[in-house]
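Undergrad: Okay, so the sequence shown: first residue is 2 according to the numbering used here, each after it adds one.
Dropping a structure here in structure tokens format, bear with me for questions.
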Amino acid sequence: MNICIVGTGYVGLVTAACFAEMGNDVCCIDVDPAIIDRLRSGHVHIYEPGLEPLVKRNYEQGRLKFSTNLAEGIEDALFILNCVGTPSKSDGSCDLSYVHQVASQIGQVMNEYKIIINKSTVPVGTADQVLKIIQEEIKKRELNIEFDVVSNPEFLKEGDAINDFMKPDRVILGTDNIRTSKLMETLYAPFARSREKMIVMSIKSAELTKYAANCMLATKISFMNEMANICEHIGADVSDVRIGIGSDHRIGYHFIYPGVGYGGSCFPKDVKALINTTRENGYEPKLITAVDEVNARQKKVLADKIKDYFFSQNGVKDKTLALWGLSFKANTDDIRESASLEIISELTAEGMHIRAFDPVAGENAKKVLEDNPLAQVLDNQYEALEGADALAVVTDWNQFRNPDFKRIKNALTAPVIFDGRNLYSPSFVADQGFAYFSIGRPTINN
Numbered sequence: 002m003n004i005c006i007v008g009t010g011y012v013g014l015v016t017a018a019c020f021a022e023m024g025n026d027v028c029c030i031d032v033d034p035a036i037i038d039r040l041r042s043g044h045v046h047i048y049e050p051g052l053e054p055l056v057k058r059n060y061e062q063g064r065l066k067f068s069t070n071l072a073e074g075i076e077d078a079l080f081i082l083n084c085v086g087t088p089s090k091s092d093g094s095c096d097l098s099y100v101h102q103v104a105s106q107i108g109q110v111m112n113e114y115k116i117i118i119n120k121s122t123v124p125v126g127t128a129d130q131v132l133k134i135i136q137e138e139i140k141k142r143e144l145n146i147e148f149d150v151v152s153n154p155e156f157l158k159e160g161d162a163i164n165d166f167m168k169p170d171r172v173i174l175g176t177d178n179i180r181t182s183k184l185m186e187t188l189y190a191p192f193a194r195s196r197e198k199m200i201v202m203s204i205k206s207a208e209l210t211k212y213a214a215n216c217m218l219a220t221k222i223s224f225m226n227e228m229a230n231i232c233e234h235i236g237a238d239v240s241d242v243r244i245g246i247g248s249d250h251r252i253g254y255h256f257i258y259p260g261v262g263y264g265g266s267c268f269p270k271d272v273k274a275l276i277n278t279t280r281e282n283g284y285e286p287k288l289i290t291a292v293d294e295v296n297a298r299q300k301k302v303l304a305d306k307i308k309d310y311f312f313s314q315n316g317v318k319d320k321t322l323a324l325w326g327l328s329f330k331a332n333t334d335d336i337r338e339s340a341s342l343e344i345i346s347e348l349t350a351e352g353m354h355i356r357a358f359d360p361v362a363g364e365n366a367k368k369v370l371e372d373n374p375l376a377q378v379l380d381n382q383y384e385a386l387e388g389a390d391a392l393a394v395v396t397d398w399n400q401f402r403n404p405d406f407k408r409i410k411n412a413l414t415a416p417v418i419f420d421g422r423n424l425y426s427p428s429f430v431a432d433q434g435f436a437y438f439s440i441g442r443p444t445i446n447n
């Protein structure tokens with residue numbers, strides 16, 4: 002198969018590398034020459050476990066190439082996957098300008114039958130818009146070229162994206178064309194050897210399925226965070242509650258970990274986009290709106306605990322907080338919608354100094370925080386502790402799970418830990434002599 006991937010972000014680059022790994026010839030397009038040059042030199046501009054060697058191997062073996070020339074990329078390709086970004090606008094709606102731009106350019110240069118695949122997460126009705134844009138561009142050229150537009154949303158987790166692509170739970174395809182669905186089944190056949198994974202439905206149903214999936218997962222997270230807050234008010238332990246409800250197979254244990262709220266490039270954007278789309282269509286989505294509101298509140302919970310603790314010590318002004326974890330979750334360098342950044346903003350606004358560390362996302366965070374004189378990003382997790390008045394753990398990186406507590410205690414001016422991920426046993430931390438504040442569990446204040 003000859004495939005063209007437009008966009009080299011998380012979705013585009015993972016998709017390109019995985020299709021190439023299965024023997025397809027893939028051309029990956031990006032408008033940024035610097036990114037293309039870097040990829041050609043064997044270096045990946047994003048962090049995703051296992052991605053760089055996969056890209057490098059397939060590029061060296063000739064199955065994967067990179068270009069800024071869309072016409073060149075689609076010339077021999079039957080499949081064109083639109084994987085460009087769809088960021089949120091200020092009102093929460095989805096910015097489709099990049100998607101529309103790519104559609105316009107495809108219509109300007111295509112010369113034979115193509116299948117245009119919307120891989121990016123886009124609102125319901127986007128495929129119809131793409132179809133119309135391409136038709137208009139072809140009409141301007143006074144040509145009659147057949148093509149199909151399908152919806153094929155991605156379901157990739159940052160930090161485990163390659164495994165998700167190689168071994169998908171399902172492949173959603175939105176099309177009403179039998180021929181197109183058969184061609185798509187052939188494209189994805191190497192990823193579905195053990196069982197049939199292609200689920201064919203209408204285009205609008207496929208577009209909504211991606212939003213429904215992410216909003217369902219976001220709902221579980223916000224629900225569990227709500228339960229954690231209730232536990233704190235009534236004296237229960239959310240860890241026990243989690244085990245109690247997770248043992249019900251109808252609920253399960255996935256996505257019911259309390260913490261500092263969800264972040265990243267998907268859940269926040271998709272929840273807001275679905276709310277906006279639904280309102281535009283005359284319906285008020287009360288449950289999804291509540292999920293968004295609970296998450297916004299949850300991102301402030303740890304900062305509030307820190308401010309409450311230091312209130313009797315003349316507040317957080319001129320105090321120093323060591324903060325472990327800047328990415329929105331472990332195994333990624335993505336800091337978009339990260340709870341850590343909100344915590345840093347909240348506390349530095351009141352004069353607190355931050356000494357932060359992240360094993361992967363530090364460089365990205367330095368760029369975002371460079372104008373904040375009270376925030377410093379360091380290159381060693383224990384160096385961040387030196388002279389700090391407390392430690393806050395915000396991302397659940399493995400290296401934070403079993404740290405040297407004696408070293409932590411010796412480096413801090415006071416033995417205080419704020420655990421936004423419930424990584425530690427309260428009784429164990431108490432035995433080490435720490436005051437310990439977590440999410441939805443009893444406070445240990447020695």
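Beta carbons: idealized from backbone N, C-alpha and C, even for Gly.
Can Val435 and Thr444 be called in contact, C-beta distance under 8 angstroms?
TA: Just to set this straight, residue 435 is Phe in the shown sequence, not Val. Cβ atoms of Phe435 and Thr444: not closer than 8 angstroms.
Undergrad: Which residues in the same chain have their Cβ closer than 7 angstroms to the Cβ of Cys19, if we skip the five residues on either side of it in sequence?
TA: So the list reads Ile163, Phe166 and Met167, once near-sequence residues are dropped.
Undergrad: Mind reading off the beta-carbon distance from Thr127 to Val100? Whole number of angstroms is fine, and I expect it under 8 angstroms.
TA: Sure, about 7 angstroms apart at Cβ, within 8 angstroms.
Undergrad: Short check: CB of Leu82 to CB of Gln106, under 8 angstroms?
TA: Result no, Cβ atoms of Leu82 and Gln106 do not sit closer than 8 angstroms.
Undergrad: With a CB to CB cut of under 7 angstroms and the five nearest residues on each side skipped, what residues in its chain are close to Asn365?
TA: Cβ within range, chain order: Asp334 and Ile336.
Undergrad: What residue ranges within the region 48-79 form continuous beta strand (DSSP E) runs of no fewer than 3 residues, ordered along the chain?
TA: Whole beta strand (DSSP E) segments, 3+ residues: 65-68.
Undergrad: Using DSSP with H/G/I as helix, E/B as strand and the rest coil, what is Ile231?
TA: DSSP places Ile231 in helix when its eight states are reduced to three.
Undergrad: Along the chain, where does the alpha helix (DSSP H) containing Asn112 start, and where does it finish?
TA: From DSSP, Asn112 is part of no alpha helix (DSSP H); its letter is neither H nor E.
Undergrad: By the DSSP assignment, the beta strand (DSSP E) with Phe256 in it spans what residues?
TA: Premise fails: Phe256 is in no beta strand (DSSP E) and is neither H nor E.
Undergrad: CB-CB under 7 angstroms to Ala412, same chain, minus the five flanking residues each way: which ones, in chain order?
TA: The answer, listed in chain order, is Tyr383, Leu386 and Glu387.
Undergrad: May I have a chain-ordered list of the beta strand (DSSP E) segments no shorter than 3 residues that lie completely inside the region 375-435?
TA: Taking only runs of at least 3 residues, the beta strand (DSSP E) segments lying wholly in the region 375-435 are 376-379, 391-394 and 417-420.
Undergrad: With a threshold of 16 other CB atoms inside 10 Å of the CB of Asn282, please say whether the residue is buried or exposed.
TA: Classification of Asn282: exposed, given that the 10 Å Cβ count is below 16.
Undergrad: Would you decide whether Lys183 is buried or exposed? Buried here means 16 or more other CB atoms lie within 10 Å of its CB.
TA: Its Cβ having fewer than 16 others within 10 Å, Lys183 is exposed.
Undergrad: Closest Cβ-Cβ distance between Ile445 and chain B: below 8 angstroms?
TA: Chain labels in this structure do not include chain B; a single protein chain is all it has.
Undergrad: Excluding five sequence neighbours on each side, which residues of the same chain lie with their C-beta closer than 7 angstroms to the C-beta of His46?
TA: Closer than 7 angstroms at Cβ, skipping near neighbours: Ile36 and Arg39.
Undergrad: In the region 321-359, which residue ranges form an unbroken beta strand (DSSP E) of at least 3 residues, counting only runs that do not cross its ends?
TA: Listed in chain order, the complete beta strand (DSSP E) runs (minimum 3 residues) inside the region 321-359 are 321-325 and 354-358.
Undergrad: Could you spell out where the alpha helix (DSSP H) holding Ser94 opens and where it closes?
TA: Careful: Ser94 lies outside any alpha helix (DSSP H) and carries neither H nor E.
Undergrad: Is Arg356 near Leu375, with beta carbons less than 8 angstroms apart?
TA: Going by C-beta atoms, Arg356 is not nearer than 8 angstroms to Leu375.
Undergrad: Return the Cβ separation of Ala17 and Gly160 in integer angstroms, given the expectation that the two are a contact with Cβ distance under 8 angstroms.
TA: Contact doesn't hold; Cβ gap of about 19 angstroms is too wide.
Undergrad: Figure out for me which residue from Pro54, Pro50 and Tyr48 has the closest Cα to the Cα of Ser42.
TA: Residue Pro54 is the option with its Cα nearest to Ser42.
Undergrad: Give me the residue from Ser121, Lys410 and Pro259 with the minimum Cα distance to Gln433.
TA: When only C-alpha atoms are compared, the closest one is Lys410.
Undergrad: Measuring CB atoms only, is the region 20-34 touching the region 57-67, in the sense that at least three cross pairs come out at less than 8 angstroms?
TA: Yes, since at least three Cβ pairs between the region 20-34 and the region 57-67 fall closer than 8 angstroms, the two stretches touch.
Undergrad: Can you tell me whether Met23 is helix, strand or coil according to DSSP?
TA: Reduced to three states, the DSSP call for Met23 is coil.
Undergrad: Cutting at 6 angstroms between CB atoms, please list the residues of its own chain near Leu52, excluding the five before and the five after it.
TA: Counting only Cβ-Cβ distances below 6 angstroms, and skipping sequence neighbours, we find Val45.
Undergrad: Expressed to the nearest angstrom, what Euclidean distance is found between the alpha-carbon atoms of Gly247 and Ser428?
TA: Going from the Cα of Gly247 to the Cα of Ser428 covers about 23 angstroms.
Undergrad: Check the C-beta distance from Thr210 over to Pro169 and give it rounded, since I have them as a contact under 8 angstroms.
TA: Going by Cβ atoms, the distance from Thr210 to Pro169 rounds to 13 angstroms, so no, they are not a contact pair.
Undergrad: From Lys140 to Phe156, what does the alpha carbon distance come to, in whole angstroms?
TA: Whole-angstrom Cα-Cα distance: 34 angstroms.
Undergrad: Which residues does DSSP pair with Asn178 in a beta bridge?
TA: None, per the DSSP bridge assignment.
Undergrad: By how many angstroms is the C-alpha of Asp271 removed from the C-alpha of Asn296?
TA: Asn296 and Asp271: Cα-Cα distance of roughly 13 angstroms.
Undergrad: Pick helix, strand or coil for Phe192, following the three-state DSSP scheme.
TA: Of the three classes helix, strand and coil, the one that applies to Phe192 here is helix, per DSSP.
Undergrad: Below 8 angstroms on the Cβ atoms is my guess for Asp238 versus Arg442; work out the distance and round it to an integer in Å.
TA: The pair is a contact, with the Cβ atoms about 5 angstroms apart (cut-off 8 angstroms).
Undergrad: On a Cα-Cα basis, can you pick out the residue from Leu342, Val150 and Thr187 that is closest to Ser203?
TA: The residue with the shortest Cα to Cα distance from Ser203 is Val150.
Undergrad: Do you know offhand how far Arg280's Cα is from Phe80's?
TA: Each residue's alpha carbon lies about 34 angstroms from the other.
Undergrad: Kindly indicate the opening and closing residues of the beta strand (DSSP E) around Phe148.
TA: Taken as a continuous stretch (DSSP letters only), the beta strand (DSSP E) holding Phe148 covers Phe148 to Ser152.
Undergrad: How big is the Cα-Cα spacing for Cys5 and Met353?
TA: Roughly 49 angstroms between the two C-alpha positions.
Undergrad: How would you call Gln299, buried or exposed, if buried means at least 16 neighbouring beta carbons within 10 angstroms?
TA: Result: buried.
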